[in-house]
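Protein chains: 2
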Amino acid sequence: MMKREQRETQSRRKNALTREAIIETSIAILDRDGEKGLTFQALSSRLETGAGAIYWHINDKDDLLAAACDAVLHPAIATIVDHESPAHAIRGLASSLFDLLDDHPWIGSTLTRFPTQIAMIRLLEHLGGHIRAVGVHQNQEWAAASTLLMYMLGVGSQNAANAQLAREQALERSHFLDEVASAWSQLSADQYPFVQSNAERMRTHDDRDDFLTGIDFILKGIIAAGIR
Amino acid sequence: MMKREQRETQSRRKNALTREAIIETSIAILDRDGEKGLTFQALSSRLETGAGAIYWHINDKDDLLAAACDAVLHPAIATIVDHESPAHAIRGLASSLFDLLDDHPWIGSTLTRFPTQIAMIRLLEHLGGHIRAVGVHQNQEWAAASTLLMYMLGVGSQNAANAQLAREQALERSHFLDEVASAWSQLSADQYPFVQSNAERMRTHDDRDDFLTGIDFILKGIIAAGIR
DNA sequence: CTTGTTATGGAATGTCGTTCCATAGTTGGA
DNA sequence: TCCAACTATGGAACGACATTCCATAACAAG
């Protein structure tokens, strides 16, 4: 009766339910229906089993979400190629990560919710390696890598939240941003001159470009702090 | 039967339940017991009423959370004093915001979850005003303000998640970080040289300092990009 | 006092995550 | 071949929760 620990993975039964199958199906549901779509009801009906069987393979829903997150992130991070310079490498990592979080918005909130996940350690490690290659002073390398990571997670969560809100209103993402832009452009120019005058930009801008511009700001700042 | 819209706020009853009282009590519960502590059960028992009465004044739980968020942020942002330079002002705003999110960790996740909140517009407006004062080129002012905001939200969500995990394990925040540091320091130095060698720093570092160092990186990068 | 509106509080509903448990499948030994 | 012992299953049961429903209390105006 001792759950399923780290035992050998050989299936003793045909059509056996496996942890991997559960995670893959979960990812499919998350991608299609978002975070709220992943219920044990939906999961067990898709897997043609009961909730109890699923719990033999996973601890709880948090475990499942963290595993799904890792299953998507791990191979994606591993395949990132090296670049000519550390700065390019960081930019490339950020770029890949953005695309990944854009395809799987649920990762943004999940990754933030379970900070001890191995996926985040791997991200930090990659960032840290490049940061060291840049030649940042040892006292600042941690802060530099953290800053980049926190920024990436911030954008990721934000995109996730936008995707979630758009889904609730059954809107396309672009239409959703259109509505935000309209609302912001109607703000009083006295009270909110900055937001109001930039509202139009919401309609036309490219999230990805803005994100990478932010990465460039941070990189520039890190390097500038280092050479001083 | 048309709920309670924007009608006049005069109470027609003594000991009247008001939206404001509900929000204040919610904030008290959130501060004491975290996000999971805020249930309609807890809320109605504290207010000595029923769930139905509460729903007369609020739309749903999301409405309540957003309102609580705003009720804390609005006065806090408004009282931020001006500083000698725009860069100092941004640093001051960041600093105040950090302390606020540290005192009310639930704001971190709530603010991220409802991006259309007025509170976020106000934050952007403040940041944008200072960014303009710095003299950033108009093409970049939006990206610059967004970068700062995304970074702040990233750190905020992360602190919120840490606080939540610490609460679940009934640990003090410092003990929680201690455990993270221990786990990270036991990582293989081959696979994770950067994280492993910085694990010790987790135990001694000051979150606040790291956060502000990140703000400085970004500011430096924004300014460097502008003067080029 | 009467009537209509505003507001209340608690019961009822439906959806979750999670646990329980009877039982089926599988393996290794007698 | 039969028999335990372990592994795994599926669905019922449970408790917590957000939300809705509804009878009725409190109030204002006439």
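Residue numbers (the numbering used here), protein chains in the order written: chain A, 1 to 228; chain B, 229 to 456.
Quick reminder that beta carbons are idealized off the backbone N, C-alpha and C, glycines included.
Quick caveat, the model's predicted, so the values are computed rather than measured.
### Query
Taking one C-beta from the segment 41-53 of chain A and one from the segment 16-28 of chain A each time, how about it: are there three or more such pairs within less than 8 angstroms?
yes
### 7 angstroms Cβ cut-off: residues of chain B touching A/K220
G449, A452, A453
### Task
Taking 9 angstroms as the cut-off, decide whether the C-beta atoms of A/V195 and B/I349 are in contact.
yes
### Message
Residues of chain B with CB closer than 9 angstroms to the CB of A/A161, please, in chain order.
### Response
T340, R341, F342, P343
### Sequence-distant residues of the same chain with beta carbon closer than 7 angstroms to B/G442, five excluded per side
Y379
### Message
Nearest by alpha-carbon distance to B/L245: which of B/G262, B/G265, B/T277, B/R341 is it?
### Response
B/T277
#### Entry: DSSP state of B/V383 mapped onto helix, strand, coil
helix
### Query
Excluding sequence positions up to five away, which residues of its chain have a Cβ less than 8 angstroms from the Cβ of B/D438?
none
### Three-state class that DSSP yields for A/A189 in the structure shown
Of the three classes helix, strand and coil, the one that applies to A/A189 here is coil, per DSSP.
### Message
Against A/E125, what residues of chain B qualify as contacts under a CB-to-CB distance less than 7 angstroms, listed in chain order?
### Response
Here the neighbours are Y420, F422, V423.
### Query
Under 9 angstroms between the Cβ atoms of B/L381 and B/G320?
no
### Task
Report the three-state DSSP secondary structure of A/E141 (helix, strand or coil).
helix
### Message
So A/A143 contacts chain B; which residues on that side make the cut at Cβ distance below 7 angstroms?
### Response
Within chain B, the residues near A/A143 are D438, T441, G442.
### Task
Compare the C-alpha of A/S72 against each of A/D31, A/P115, A/Q140 and name the closest.
Note that residue 72 of chain A corresponds to Val in the displayed sequence, not to Ser. Among A/D31, A/P115, A/Q140, the Cα nearest to that of A/V72 belongs to A/D31.
### Task
Assign A/T9 to one of two classes, buried (16 or more other C-beta atoms within 10 Å of its C-beta) or exposed (fewer than that).
Summary for A/T9: the model assigns pLDDT 47, below 50, so the residue's position carries little reliability, and this model does not support an answer.
### Query
So which residues of chain A does B/S385 contact, with C-beta pairs closer than 8 angstroms?
T112, L153, G154, S157
### Query
B/Q234 CB to nearest chain A CB: under 9 angstroms?
Reliability of the predicted coordinates at B/Q234 is poor, the pLDDT of 41 falling under 50, and the value obtained from them is presented with this limitation in mind. Among the residues facing chain A, B/Q234 is not included, as its CB has no counterpart in that chain under 9 angstroms away.
### Task
Identify the contact partners of A/F217 in chain B, using a Cβ-Cβ distance below 8 angstroms as the criterion.
A371, A372, T375, I446, G449, I450, A453
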